[in-house]
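K.L.:
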Amino acid sequence: MCGIVGIRDAGGVSFSIYYALYALQHRGQESAGIATFDGARLHKHKAQGLVAEVFDSTTLESLKGDVGIGHVRYPTTGENRPENYQPFNFVFRDNIISLAHNGNLVNDRTLRDEFECGGQIFCTNTDTELIAKVITDEMRDSGCIEDAVHRCMRVLKGSYSVVMMINGVLYGFRDPLGIKPMCIGKTENGYILASESVAVDALGGKFLRDILPGELVCIDEHGIKSMQIARANRRAHCIFEYIYFARADAVLDGALVYDVRTRIGEKLHEEAPVKADSVCTVPDSGTAYAIGYSHGSGIPFVESLLKNRYMGRTFIMSTQKERERAVRIKLNPIREHLKDKSVVLVDDSIVRGTTSRRIIGTMRDAGAREIHMRIGSPPIKAPCYLGVDMPTREELIASNREEEEVRRRITATSLHHISLEALIDATGMDSECLCTGCITGRYPIPINGEEFIPAKIDFLDGTYQTKLEKFGDGSE
Ligand code: 5GP
Ligand code: MG
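Position 346 of the sequence shown, counting from 1, maps to 331 under my numbering, and the rest follow consecutively.
Below, the structure written as structure tokens:
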């Protein structure tokens, strides 16, 4: 997962992109980057670290221009090396191009081999550079960006939401199944494309709509143009965005994440009621779920684990030992709320089981009598090939264990995961709209022999239905 943003607005965009990236920081903490175009030249800065560490006002002032794109990186493909940071910037036949990508391609190896057999070189080991190659390959022949994006949608297999800037024209497109989110907002004098609506909110902008799966939007001095390049018979929005990844205040493909999570909390109570003194969240990811469980059951919501706000997400630590230590620093139990109490402990997901086991241990040390764990996702059983960093089955505690065995390992008094039906129901979508690969092991695109649900994708050849959208003054 990564966060991407593209802005075209009068009076300079670097500060706006900075704040938008700040709002998307949860989507990636490894590196951050911005590229802007001033009408003649590209200005760029990217480095390892958090948005606030990478940029200061001097740097932002040097990023001149009324159009630009930005990226926060959460590594999926490609190591943590400076050349892998985004945006990816280059010149092709006098076109100044900058590109940033959220998602993960599953046919990157094959594509790379094809290009290398043709004598092409690569400067990074990201799949973003592959997207750039596919685009320039097509531009070389037709010079047409619509054709180039069309080509992408035919040959790229996997998830991709992309923002791209070519000579100051801003483009955004989303894979035909809409796996990764991206939306459009109206800013004071222009437009913003962003992974989540929270970036639009951060700028005081107006959320307009999601980019459609298979859609290309183009923002230039005339406004927004939209072209439907591919149309699929189903969607595959990532369920993990709703479960964990997106911010609770984001609206993704029509659903407010906070509401989805509280509904799941209520359903957790319906599926697995229990008598207890309090409902406790594992902050922050479990909070909306815990509030839902509390509403549904009438058991008071009491914070009994306090989070150190200055700690990053613990998954980012690369070794198990580091992660275990991080959990201790990150969450501190409130003894007075736990002593001799029976507690419903609510979290969004169990992935490796490390955090959950640790937390339950510290709560027991603090005197809790019973800890009934309720989880807002079904057991995560299979790896994600489409952008979430949970690569191997061996690391997933639930991949080959029954719930009772997981309960024993994390030492909970009882354990219940939400059912898949209730989860889907809580999103307000039907199962044909979601990718549930990490739960079901069935993916929306073919991945080296894994079980998959075929989708039919129609490409709107040659003549693109161009729709000029006049959001103009933002009064709609
Ligand atoms: P576990 O018990 O599996 O070690 O950790 C569960 C916790 O990990 C949950 O609180 C959940 O919010 C969090 N989590 C789930 N997926 C991710 C992820 O991709 N990145 C990070 N940083 N945390 C995650
Ligand atoms: Mg969490």
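Glycine residues also receive a C-beta, built at the ideal position from the N, C-alpha and C atoms.
#1: Apart from the five residues on each side of it in sequence, which residues of its chain come closer than 6 angstroms, Cβ to Cβ, to G175?
#2: Within 6 angstroms: the Cβ of S341 and any heavy atom of the ligand MG?
#3: So if DSSP puts I54 in a beta bridge, which residue, or which two residues, is it bridged to?
#4: Between I442 and P161, how many whole angstroms is the CB-CB distance? I'm expecting something under 8 angstroms.
#5: Please say whether H56 and I(-11) have beta carbons closer to each other than 7 angstroms?
#6: Given the structure, does S327 come close to the ligand MG, in the sense that its CB is under 6 angstroms from one of the ligand's heavy atoms?
#7: Would you mind listing the alpha helix (DSSP H) stretches within the region 169 to 217 that are 4+ residues and don't spill past its ends, in chain order?
#8: Applying the 10 Å Cβ sphere with the 16-neighbour rule, what's the burial state of K452?
#9: How long is the line joining the alpha carbons of A351 and A261, rounded to whole angstroms?
#10: Nearest-angstrom Cα distance between A85 and V259?
#11: By DSSP's criteria, H401 is part of a beta bridge. Which residues make up the other side?
#12: Between which two residues does the beta strand (DSSP E) harbouring R248 extend?
#13: At which residues does the alpha helix (DSSP H) containing M124 begin and terminate?
#14: Indicate, with yes or no, if the ligand 5GP has a heavy atom lying under 6 angstroms from the CB of V336.
#15: Shorter than 6 angstroms, the distance from the beta carbon of S362 to the closest heavy atom of the ligand MG, or not?
#16: In the DSSP assignment, the beta strand (DSSP E) including F462 goes from what residue to what residue?
#17: Would you call the region 406 to 422 in contact with the region 223 to 242, where contact means no fewer than 3 C-beta pairs closer than 8 angstroms?
#18: Note the first and the last residue of the continuous alpha helix (DSSP H) segment covering M462.
#19: Measure the alpha-carbon distance for E388 versus I356 and round it to whole angstroms.
#20: Alpha carbon to alpha carbon, how far is H11 from I344?
#21: Going by the CB atoms, is the gap between A8 and A184 shorter than 7 angstroms?
#22: State whether the region 146 to 160 contacts the region 42 to 59, with contact taken as three or more CB pairs (one from each stretch) at a distance under 8 angstroms.
#23: Starting from A273, trace the alpha helix (DSSP H) both ways and give me its first and last residue.
#24: Kindly indicate the opening and closing residues of the beta strand (DSSP E) around Y145.
#25: What is the DSSP secondary structure of A32, counted as helix, strand or coil?
#26: Confirm, please, whether the CB-CB distance from L115 to D93 is below 7 angstroms.
#27: Could you tell me how far apart the beta carbons of L419 and I409 are, in whole angstroms, since I believe they sit closer than 8 angstroms?
#28: By the 10 Å Cβ neighbour count, where 16 or more other Cβ atoms means buried, how is K324 classified, buried or exposed?
#29: Between which two residues does the beta strand (DSSP E) harbouring A85 extend?
#30: Considering V264, what are the terminal residues of the beta strand (DSSP E) in which it resides?
#31: In the region 317 to 358, which residue ranges form an unbroken beta strand (DSSP E) of at least 3 residues, counting only runs that do not cross its ends?
#32: At a cut-off of 6 angstroms, is S270 close to the ligand MG when judged by its beta-carbon and the heavy atoms of the ligand?
#33: Quick one: residues in its chain with C-beta nearer than 8 angstroms to the C-beta of A367, no 5 flanking neighbours on either side, listed in chain order?
#34: N89: buried (16+ other C-beta within 10 angstroms of its C-beta) or exposed?
#35: Which whole-angstrom value is the C-beta distance of H401 and E256, which I expect to be below 8 angstroms?
#36: Roughly how many angstroms separate the alpha carbons of T272 and A235, rounded to a whole number?
P.N.:
According to the structure shown:
#1: Along the sequence shown, read from residue 1 onward, the residue named residue 175 stands at position 190. Contacts found: R(-7) and D(-6).
#2: Numbered from its first residue, the sequence shown carries residue 341 at position 356. Because no heavy atom of the ligand MG lies under 6 angstroms away, the Cβ of S341 does not count as near it: no.
#3: Along the sequence shown, one-based indexing puts residue 54 at 69. Answer by DSSP bridge pairing, in chain order: G(-9) and A20.
#4: The residue you call residue 442 lines up with position 457 of the sequence shown. The residue you call residue 161 lines up with position 176 of the sequence shown. About 5 angstroms; that satisfies the 8 angstroms criterion.
#5: Here residue -11 refers to the residue found at position 4 of the sequence shown. Here residue 56 refers to the residue found at position 71 of the sequence shown. For I(-11) and H56, yes; Cβs fall inside 7 angstroms.
#6: Indexing the sequence shown from 1 puts residue 327 at position 342. No; taking the cut-off as 6 angstroms, the Cβ of S327 has no heavy atom of the ligand MG nearer than that.
#7: Within the region 169 to 217, the complete alpha helix (DSSP H) runs of at least 4 residues are 182 to 187.
#8: Position 467 of the sequence shown, counted from the first residue, corresponds to residue 452. Label assigned to K452: exposed.
#9: Along the sequence shown, read from residue 1 onward, the residue named residue 351 stands at position 366. Along the sequence shown, read from residue 1 onward, the residue named residue 261 stands at position 276. Those two C-alpha atoms are separated by around 17 angstroms.
#10: Position 100 of the sequence shown, counted from the start, is the residue given in the question as residue 85. Position 274 of the sequence shown, counted from the start, is the residue given in the question as residue 259. About 47 angstroms.
#11: Taking the sequence shown and counting its residues from 1, one reaches residue 401 at position 416. H401 is bridged to R359.
#12: If you number the sequence shown from 1, residue 248 lands on position 263. Here R248 belongs to no beta strand (DSSP E); instead the alpha helix (DSSP H) covers V242 to E256.
#13: In the sequence shown, residue 124 corresponds to position 139, counting from 1. It spans D112 to S127 - the alpha helix (DSSP H) in which M124 sits, taken as one unbroken run.
#14: Against the sequence shown, residue 336 aligns to sequence position 351. Under cutoff, so the answer is yes.
#15: On the sequence shown, position 377 is the one that residue 362 refers to. S362: no, Cβ never under 6 angstroms from the ligand MG.
#16: The question about residue 462 has no answer here: the residues shown for the chain are numbered -14 through 461.
#17: yes
#18: Since the first residue of the chain shown is -14 and the last is 461, residue 462 is not available in this structure.
#19: Residue 388 sits at position 403 when you count from the first residue of the sequence shown. Residue 356 sits at position 371 when you count from the first residue of the sequence shown. Rounded to whole angstroms, E388 to I356 spans 15 angstroms at the Cα level.
#20: On the sequence shown, position 26 is the one that residue 11 refers to. On the sequence shown, position 359 is the one that residue 344 refers to. Inter-residue distance for H11 and I344 is about 22 angstroms (C-alpha atoms, whole angstroms).
#21: Mapped onto the sequence shown, residue 184 falls at position 199. Mapped onto the sequence shown, residue 8 falls at position 23. Yes, these two residues count as a Cβ contact at 7 angstroms.
#22: yes
#23: In the sequence shown, counting from the first residue as 1, residue 273 sits at position 288. Segment T272 to S282, the alpha helix (DSSP H) holding A273.
#24: Taking the first residue of the sequence shown as position 1, residue 145 is located at position 160. G143 to I151 is the span of the beta strand (DSSP E), which, as asked, contains Y145.
#25: Here residue 32 corresponds to residue number 47 of the sequence shown, with the count starting at 1. Reduced to three states, the DSSP call for A32 is strand.
#26: On the sequence shown, position 108 is the one that residue 93 refers to. On the sequence shown, position 130 is the one that residue 115 refers to. Yes, the Cβ-Cβ distance between D93 and L115 is below 7 angstroms.
#27: Looking up residue 419 in the sequence shown gives position 434. Looking up residue 409 in the sequence shown gives position 424. 6 angstroms between Cβ atoms; contact.
#28: If you number the sequence shown from 1, residue 324 lands on position 339. With fewer than 16 other Cβ atoms within 10 Å, it is exposed.
#29: As a first step, residue 85 must be located in the sequence shown, where it is residue number 100. N80 to L90 is the extent of the beta strand (DSSP E) around A85.
#30: For the purposes of this step, residue 264 is identified with residue 279 of the sequence shown, where counting begins at 1. S263 to T266 is the extent of the beta strand (DSSP E) around V264.
#31: If one requires a minimum length of 3 residues, the beta strand (DSSP E) runs lying completely within the region 317 to 358 are 327 to 332, in chain order.
#32: Counted from its first residue, the sequence shown places residue 270 at position 285. Indeed, a heavy atom of the ligand MG lies less than 6 angstroms from the Cβ.
#33: As a working mapping, residue 367 is identified with position 382 in the sequence shown. R378, L381, S384, G422, C423, I424, T425, G426 and E435, listed in sequence order.
#34: As a position in the sequence shown, residue 89 is number 104, starting the count at 1. N89 should be labelled buried.
#35: Locating residue 401 in the sequence shown gives position 416, counting from the first residue. Locating residue 256 in the sequence shown gives position 271, counting from the first residue. Going by Cβ atoms, the distance from H401 to E256 rounds to 6 angstroms, so yes, they are a contact pair.
#36: As a working note, residue 272 is residue 287 in the sequence shown. As a working note, residue 235 is residue 250 in the sequence shown. The straight-line gap from Cα to Cα measures roughly 15 angstroms.
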